[in-house]
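> The structure that follows is given in the form of structure tokens.
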Amino acid sequence: MSYGFSVYGIVTGLLEPGDDIVERVIAAVGDTDAKKICDRDILLFAESPLSTIEGRNIRLAEITPGDRAVVLAKKYDLDPRIAEIVIEESDEILGGISGFLLTTRGNLVLPNAGVDESNAPDGWVTRLPEDANVSAACIREEIRVRTGKEVAVIIIDSRTHAMRLGVSGIAIGCSGILPITDERGKPDLFGRELRVTRRAIADSLASAAELLMGEANEGVPVVLVRGYPYLFVEGVTIDSISPDEDIFFGSLTKKE
148 MSYGFSVYGI
158 VTGLLEPGDD
168 IVERVIAAVG
178 DTDAKKICDR
188 DILLFAESPL
198 STIEGRNIRL
208 AEITPGDRAV
218 VLAKKYDLDP
228 RIAEIVIEES
238 DEILGGISGF
248 LLTTRGNLVL
258 PNAGVDESNA
268 PDGWVTRLPE
278 DANVSAACIR
288 EEIRVRTGKE
298 VAVIIIDSRT
308 HAMRLGVSGI
318 AIGCSGILPI
328 TDERGKPDLF
338 GRELRVTRRA
348 IADSLASAAE
358 LLMGEANEGV
368 PVVLVRGYPY
378 LFVEGVTIDS
388 ISPDEDIFFG
398 SLTKKE
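Numbering follows our numbering, with no gaps: position 21 of the sequence shown is 168.
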């Protein structure tokens, strides 16, 4: 099967706490070649501006680090106040390197639990949305109410990969789209049956969106994808696997 799809960067202007992001997006889409939101569009939202409007930014001056934060900050060369926020935002701290703690949060393994100084005012940091799946569902419902259109929504962040420089997109929440498709049982080019392959559809779309969003001052917090033939579903979130099933974690904890 061959197909093409279009990707549009949506420039909303700087978003502030309490802003109506859906209203801003609807208005901004009308100024692009997309012209309007249509049924089966996919809207991808960067987590940082979404966290901002949801009030998830926090001022470092308001943070008093505890004993554990002070110890971790000294060991990993961190601001103790950031270490304290990371502890509060994490389910578990696995280790770290200079400037970063490796943490788990929900079904994610990520640096500093997603706490980030970039794209935040001086003296502030951003935290991930409290529940990105809920955020995606709320945005999707608001779009349906205001436009009458049935769309999918994905909340995305950027991540590094093991032993690689650079970042690419990752989906941290979604609504209205099957984020992972199961290719097991299908034949490859030589007729062999695929045994383990699953396709990370939402992550792949997130990486495509990252090309337009950028990581600096591009000012593109939302990307619209039109024409991609995704599977529409309700109530499905992004699955994770246990550490012993993960090729990286499983191998590191079971050295030969």
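Here a beta-carbon is modelled for each residue, glycine too, at the ideal position from N, C-alpha and C.
Grouping DSSP H, G and I as helix and E and B as strand, with all else coil, what is Asp304?
Along the sequence shown, read from residue 1 onward, the residue named residue 304 stands at position 157. Three-state result, Asp304: strand.
> Provide the residue span of the beta strand (DSSP E) that contains Val256, from first to last.
For this step, residue 256 is matched to residue 109 along the sequence shown. Counting along the chain, the beta strand (DSSP E) containing Val256 begins and ends at 255-258.
> Hey, how far is the Cα of Pro164 from the Cα of Ser282?
Translated into the one-based positions of the sequence shown, residue 164 becomes position 17. Translated into the one-based positions of the sequence shown, residue 282 becomes position 135. Whole-angstrom Cα-Cα distance: 15 Å.
> Quick one: grab the DSSP three-state call for Arg187.
Start at 1 with the first residue of the sequence shown, and residue 187 comes out as number 40. Arg187: coil per DSSP, three-state reduction.
> Thinking Ala347 and Leu191 are a contact (beta carbons under 8 Å), I'd like their distance in whole angstroms, please.
On the sequence shown, position 200 is the one that residue 347 refers to. On the sequence shown, position 44 is the one that residue 191 refers to. The Cβ separation is near 14 Å, so there is no contact.
> CA-CA distance, Ala181 and Asn266?
The residue given as residue 181 occupies position 34 in the sequence shown. The residue given as residue 266 occupies position 119 in the sequence shown. If you take the alpha carbons of Ala181 and Asn266, they lie about 27 Å apart.
> Along the chain, where does the beta strand (DSSP E) that runs through Ala318 open and close?
Sequence index remark: in the sequence shown, residue 318 carries index 171 (1-based). For Ala318, the uninterrupted beta strand (DSSP E) run begins and ends at 311-322, by DSSP.
> Please state whether the Cβ-Cβ distance between Glu357 and Ser322 is less than 8 Å.
The count along the sequence shown starts at 1 and reaches residue 357 at position 210. The count along the sequence shown starts at 1 and reaches residue 322 at position 175. No.
> Between Val383 and Asn280, what straight-line distance do the alpha-carbon atoms span, to the nearest angstrom?
If you number the sequence shown from 1, residue 383 lands on position 236. If you number the sequence shown from 1, residue 280 lands on position 133. Whole-angstrom Cα-Cα distance: 9 Å.
> Quick check: Ile407 and Arg228, are their CB atoms within less than 8 Å of each other?
One cannot answer for residue 407 here, as it falls past the ends of the chain, which runs 148 to 403.
> So Asn259 and Leu248 are supposed to be a Cβ contact under 8 Å. How far apart are they, rounded?
Along the sequence shown, one-based indexing puts residue 259 at 112. Along the sequence shown, one-based indexing puts residue 248 at 101. About 6 Å; that satisfies the 8 Å criterion.
> Leaving out the 5 sequence neighbours to the left and right, which residues in its chain are closer than 7 Å to Val217 when beta-carbon positions are compared?
Position 70 of the sequence shown holds residue 217. Closer than 7 Å at Cβ, skipping near neighbours: Pro227.
> From the DSSP secondary-structure annotation, give me the bridge partner or partners of Ser153.
On the sequence shown, residue 153 is found 6 positions in, with the first residue counted as 1. BP columns for Ser153 point to Arg373.
> Sorted by chain position, which residues of the same chain lie with C-beta nearer than 6 Å to Gly202's C-beta, five sequence neighbours on each side aside?
Within the sequence shown, the letter at position 55 stands for residue 202. The residues are Pro164.
> State the DSSP-derived secondary structure class of Leu248, mapped to helix, strand or coil.
Reading the sequence shown from its first residue, position 101 is the one you call residue 248. The answer is strand: DSSP assigns Leu248 an E or B state.
> With which residues is Glu239 paired in a DSSP beta bridge?
Against the sequence shown, residue 239 aligns to sequence position 92. Partner(s): Thr251.
> Helix, strand or coil, according to DSSP, for Val343 in the structure here?
By 1-based counting over the sequence shown, the position of residue 343 is 196. Of the three classes helix, strand and coil, the one that applies to Val343 here is coil, per DSSP.
> Please go through the same chain and pick out, in chain order, the residues whose beta-carbon is closer than 6 Å to the beta-carbon of Val380, but skip the five residues on each side of it.
On the sequence shown, position 233 is the one that residue 380 refers to. If we look at Val380 and ignore the five residues flanking it on each side, its Cβ neighbours are Leu325.
> How is the alpha helix (DSSP H) around Val262 delimited, first residue to last?
What you label residue 262 is simply residue 115 of the sequence shown in a count that begins at 1. Looking at the DSSP string, Val262 is not in any alpha helix (DSSP H), and its letter there is neither H nor E.
> Do Ala220 and Thr208 have their beta-carbon atoms positioned less than 8 Å apart in this structure?
The sequence position of residue 208 within the sequence shown is 61, counting from 1. The sequence position of residue 220 within the sequence shown is 73, counting from 1. Reading off the sequence, residue 208 comes out as Ala, not Thr. Their beta carbons are not under 8 Å apart, which means Ala208 does not touch Ala220 by this criterion.
> Taking Cβ to Cβ, would you say Val233 is nearer than 8 Å to Val262?
Reading the sequence shown from its first residue, position 86 is the one you call residue 233. Reading the sequence shown from its first residue, position 115 is the one you call residue 262. Going by C-beta atoms, Val233 is nearer than 8 Å to Val262.
> Compare the C-alpha of Ala174 against each of Phe395, Val369, Tyr375, His308 and name the closest.
Residue mapping note: residue 174 aligns to position 27 of the sequence shown, counting from 1. Answer by Cα proximity: Val369.
> Helix, strand or coil, according to DSSP, for Pro334 in the structure here?
Stepping through the sequence shown from its first residue, residue 334 is reached at position 187. Three-state DSSP puts Pro334 in a strand.
> Could you tell me which residues DSSP pairs with Arg206 in its beta bridges?
Working through the sequence shown from its first residue, we reach residue 206 at position 59. Its beta-bridge partners are Trp271.
> Report the option in Glu264, Asp269, Asp278 whose CA atom is closest to the CA atom of Gly253.
Counting from one through the sequence shown, the residue named residue 253 turns up at place 106. For Gly253, the nearest C-alpha among the options comes from Asp278.
> Work out the CA separation of Gly338 and Arg331 for me, nearest whole Å.
Position 184 of the sequence shown holds residue 331. Position 191 of the sequence shown holds residue 338. C-alpha separation (whole angstroms): 13 Å.
> Using alpha carbons as the reference points, say which of Ile157, Ile205, Trp271, Thr199 lies closest to Asp166.
To locate residue 166, count along the sequence shown from 1; it is residue 19. Among Ile157, Ile205, Trp271, Thr199, the Cα nearest to that of Asp166 is on Thr199.
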